[in-house]
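Colleague: Okay, handing you the structure first.
In structure tokens, the structure reads:
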């Protein structure tokens, strides 16, 4: 039986109120250029009085951490030993960090806070990183094929002789500045907070009771960025930059399902990112945990069945309609927030954008980043059953250099039936 | 500006209380054999009075759905059209469904609720599926290599002539029966509920205020199951069953990082699952969203850096210690709940278990499933930098048919340094 919980008081505060603000709680001035005036996000639970944000770290994994504490395996008083954990490369600060409209869904100062907020650490504040950077070697079958086919060549630096690709990778937890989120969605902050609370079935009452707390760490998945070449080159508009912004699709990314183009497009992006880095440029792949257009995999599978069983079969002409009937909305990914990750690295110009999505393109350009070329997936990489999705998207206005099917031709694009 | 939210009343209830129970709220009798007596989990938000669970559907994607509503793109009154979404194969009911101790972290009756609870649908209840089943074809480079090497042969049924593997896949949302969860963790239900609430920074006050509601849909990732061969054979102990229970590792599963064995072990499991199905058996791969031992990717990357920079270099001898210093706990995956997914399919005997983890083995056997053979990853599939993890795990008691290193030999197993 767990006893660790005894170190916390048994009295449960259901929701604090604005007039309960403690003097230990540091002010947050989102967008301020001076990190000490901007202030650290404090969302750890070791001293609840010092919190200046709603929610806590690790996104949805906070639930597992709570289980660990309940089971007695994890002391709730634990504070991480951050020695040796710092980034191996320098990232920022960039002008985008000081513009409270450019970055609203992550905390750039959450990268190596032990450096930015040394004084606060010394005073005993338990500040946790919300961003972490490391280096790795990738062994990818499709890249090995590209090397064997002569499209890529080992150079000993970006691509090793053993075909490993050397990269820098960055994990980014969601940290939401709610006034900025509301502005981007064109709703009032109070309305956004109320709907986040009620439609999640009552998650985080402090969204309602603490209008003075402007930052929320929501329990959702993180984003991972893979950088090919020198990360410091990302912010230099004169250095060629190839980019893929990729939304998770576990069924294709890991298991190679042939109903969509996700893994092939991702691998094409990685190949091009490595190639660009070899030519003296830099590549970036951003991977967002937004499974099934951020509707989740249960909804996705229900939609697959409804598509494949509908009268007349799975057709490009009815592709979007089926999702909307089941899910209530075609897409819930909110590409409006996606470019924040690019602004973390100070990106102002993308020479080659690997995406056909107008939603992604419009969000990137609308956020002030110049895009030179848009690159669609080569036809030979599209799996047979994925043509329904591909033709439906092109007909809906997605970017393509090729033909766009309409009317009867669109209806004729059919997928496999389900038994 | 959004107006959709006007259909909901503006008054916000911060947390309902047990004495606010509405007559529309259906009784849940977890483990009851008769689905009408068991009752459906009602966690949709279209009629809050009818809810009989805390939280709502889609795990962490509930946050994105709330954003969709706030932005005016999604009517909060939408109810899914479930026509044609049903499972293409028959799954259950099995005796495990009627044992309230066998399954506590998912809802077996959440599969095709429109069939189980037709009468409630007709009365207007908005019951959502928490499980969905579909079929797909997989195109996996490592499987193509296995076919080219002659280890696997197309048979036109399990493996098509074009090297596609035909599978059935199942997406499963978390649905937690809290009294059963508490029992398995050996804590009191009230303690578990309080710690889940406080340590998540105040998520779902109804965990405290509604002790009468026994079910919670937590905002965490789902589980996906891939079945090779006939899904109905999974519950037949006389049919050979090969199984891999795999915890997500995005860095390896998708990007092929060489610091661990995750993707190679998964691919080995898939190859064996397909081969078993071809021999008249059945294969199952269960994929759990528990990134970085359910500590999340930010923590994982911080640990990588601390491991690779420590005095003496990254060593198998200090592998677990580094995680604990940074994260506070070695592992937060709670394999105690993992076998629930196996019990959903009525599994009672696994002939070949692809896992070296004692935590996984003990959880499976402890849940009443017989395991005949344990299969470790072949040495030739272990990437160079992953030997630190592999030797550390074997030294800690993980299953292996090979040698276990100790003392100086263990210290000598070193990984690459970080720059």
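Residue numbers (my numbering), protein chains in the order written: chain Y, -17 to 401; chain D, -17 to 401. No residue lacks a Cβ here, since even glycine has one placed at the ideal position from N, Cα and C. Bear in mind that the values here come from a model prediction, so they are computed numbers and not experimental data.
If distances are taken between C-alpha atoms only, which option among 169(D), 269(D), 256(D), 163(D) comes closest to residue 125(D)?
Modeller: 256(D)
Colleague: Could you tell me the distance, in whole angstroms, from the CA atom of residue 45(Y) to the CA atom of residue 178(D)?
Modeller: 7 Å
Colleague: Could you round the C-beta distance between residue 370(D) and residue 397(D) to whole angstroms and report it? I think they count as a contact, below 8 Å.
Modeller: 4 Å
Colleague: Show which residues of chain Y have a CB atom less than 8 Å away from the CB atom of residue 374(D).
Modeller: Simply none; closest approach about 18 Å.
Colleague: Please state the DSSP three-state secondary structure of residue 229(Y).
Modeller: strand
Colleague: With a CB to CB cut of under 6 Å and the five nearest residues on each side skipped, what residues in its chain are close to residue 284(D)?
Modeller: 308
Colleague: Using a Cβ-Cβ cutoff of less than 6 Å, which residues in the same chain neighbour residue 312(Y) once the five nearest sequence positions on both sides are dropped?
Modeller: Within the same chain, Cβ atoms closer than 6 Å to the Cβ of residue 312(Y) are found at 302, 305, 306, the five residues on either side in sequence being excluded.
Colleague: Just the chain Y side, please: which residues come within less than 8 Å of residue 364(D) by C-beta, in chain order?
Modeller: Going along chain Y, no residue has its Cβ under 8 Å from residue 364(D), so there is no contact; the nearest lies around 11 Å.
Colleague: When the Cα atoms are used, what is the spatial distance from residue 118(D) to residue 336(Y)?
Modeller: 26 Å
Colleague: Is it buried or exposed for residue 399(Y), if we count other Cβ within 10 angstroms and need 16 for buried?
Modeller: exposed
Colleague: Identify, in the order they occur along the chain, each residue of the same chain with its Cβ nearer than 8 Å to the Cβ of residue 201(D), setting aside the five sequence neighbours on each side.
Modeller: Correct list, in chain order: 37, 41, 42, 44, 45, 185.
Colleague: State buried or exposed for residue 384(D), treating a residue as buried only when at least 16 other CB atoms are found within 10 Å of its CB.
Modeller: exposed
Colleague: With a threshold of 16 other CB atoms inside 10 Å of the CB of residue 47(D), please say whether the residue is buried or exposed.
Modeller: The C-beta of residue 47(D) has 16 or more other C-beta atoms within 10 Å across all chains shown, which makes the residue buried.
Colleague: Using 8 Å as the limit for Cβ to Cβ distance, is residue 393(D) near chain Y?
Modeller: no
Colleague: With residue 301(Y) as the anchor, note down where its beta strand (DSSP E) starts and where it stops.
Modeller: Counting along the chain, no beta strand (DSSP E) covers residue 301(Y); the unbroken alpha helix (DSSP H) around it starts and ends at 301 to 309.
Colleague: Tell me which residue opens and which closes the alpha helix (DSSP H) that residue 46(D) is part of.
Modeller: 44 to 52
Colleague: Could you tell me the alpha carbon to alpha carbon distance between residue 49(D) and residue 204(D), rounded to whole angstroms?
Modeller: 20 Å
Colleague: Against chain D, which members of the stretch 278 to 291 of chain Y pass a CB distance test of less than 9 Å?
Modeller: 278, 279, 280, 281, 282, 283, 284, 285, 286, 287, 288, 289, 290, 291
Colleague: Taking the alpha carbon of residue 373(Y) as the reference point, which residue from 363(Y), 356(Y), 391(Y) has its own alpha carbon closest?
Modeller: 391(Y)
Colleague: Helix, strand or coil: which one does DSSP assign to residue 270(Y)?
Modeller: strand
Colleague: Answer yes or no: do residue 115(D) and residue 141(D) have a C-beta to C-beta separation smaller than 8 Å?
Modeller: For residue 115(D) and residue 141(D), no; Cβs fall outside 8 Å.
Colleague: By DSSP's criteria, residue 297(Y) is part of a beta bridge. Which residues make up the other side?
Modeller: As computed with DSSP, residue 297(Y) is found in a beta bridge with 396(Y).
Colleague: Alpha carbon to alpha carbon, how far is residue 93(Y) from residue 209(D)? Give it in angstroms, no decimals.
Modeller: 41 Å
Colleague: Is the number of C-beta pairs between the stretch 161 to 178 of chain D and the stretch 50 to 65 of chain Y that are closer than 8 Å three or more?
Modeller: Short answer: they touch.
Colleague: Return the residue from the list 310(D), 258(D), 213(D), 211(D) that minimises the CA-CA distance to residue 62(Y).
Modeller: 310(D)
Colleague: Just how far apart, CA to CA, sit residue 103(Y) and residue 110(Y)?
Modeller: 10 Å
Colleague: Check whether the Cβ atoms of residue 157(Y) and residue 197(Y) sit closer than 8 Å, and answer yes or no.
Modeller: Closer than 8 Å, so yes.
Colleague: In the DSSP output, what is residue 319(D) paired with across the bridge?
Modeller: In the DSSP output, where bridge partners are listed per residue, residue 319(D) has none listed.
Colleague: I need the DSSP call for residue -12(D), collapsed to helix, strand or coil.
Modeller: With a pLDDT of only 41 at residue -12(D), under 50, the local geometry of the prediction cannot be trusted, and no value is derived from it.
Colleague: Taking the alpha-carbon of residue 226(Y) as reference, which of 265(Y), 9(Y), 395(Y) has the nearest alpha-carbon?
Modeller: Distance check between residue 226(Y) and each of 265(Y), 9(Y), 395(Y) places 265(Y) closest, using alpha-carbon atoms only.
Colleague: On the premise that residue 85(Y) lies in contact with residue 322(Y), defined as a C-beta separation below 8 Å, what is that separation, rounded to the nearest angstrom?
Modeller: With 8 Å as the limit, residue 322(Y) and residue 85(Y) qualify as a contact, their Cβ atoms being about 5 Å apart.
Colleague: In terms of residues, what are the limits of the beta strand (DSSP E) holding residue 208(D)?
Modeller: 205 to 210
Colleague: Helix, strand or coil, according to DSSP, for residue 355(Y) in the structure here?
Modeller: strand
Colleague: Using a 10 Å radius around the Cβ and a threshold of 16 neighbouring Cβ atoms, would you call residue 194(Y) buried or exposed?
Modeller: By the Cβ neighbour-count rule, residue 194(Y) is exposed, with fewer than 16 other Cβ atoms within 10 Å of its own.
Colleague: Identify, in the order they occur along the chain, each residue of the same chain with its Cβ nearer than 6 Å to the Cβ of residue 75(D), setting aside the five sequence neighbours on each side.
Modeller: none
Colleague: Nearest CA to the CA of residue 262(Y): which residue from 221(Y), 292(Y), 299(Y), 254(Y)?
Modeller: 221(Y)
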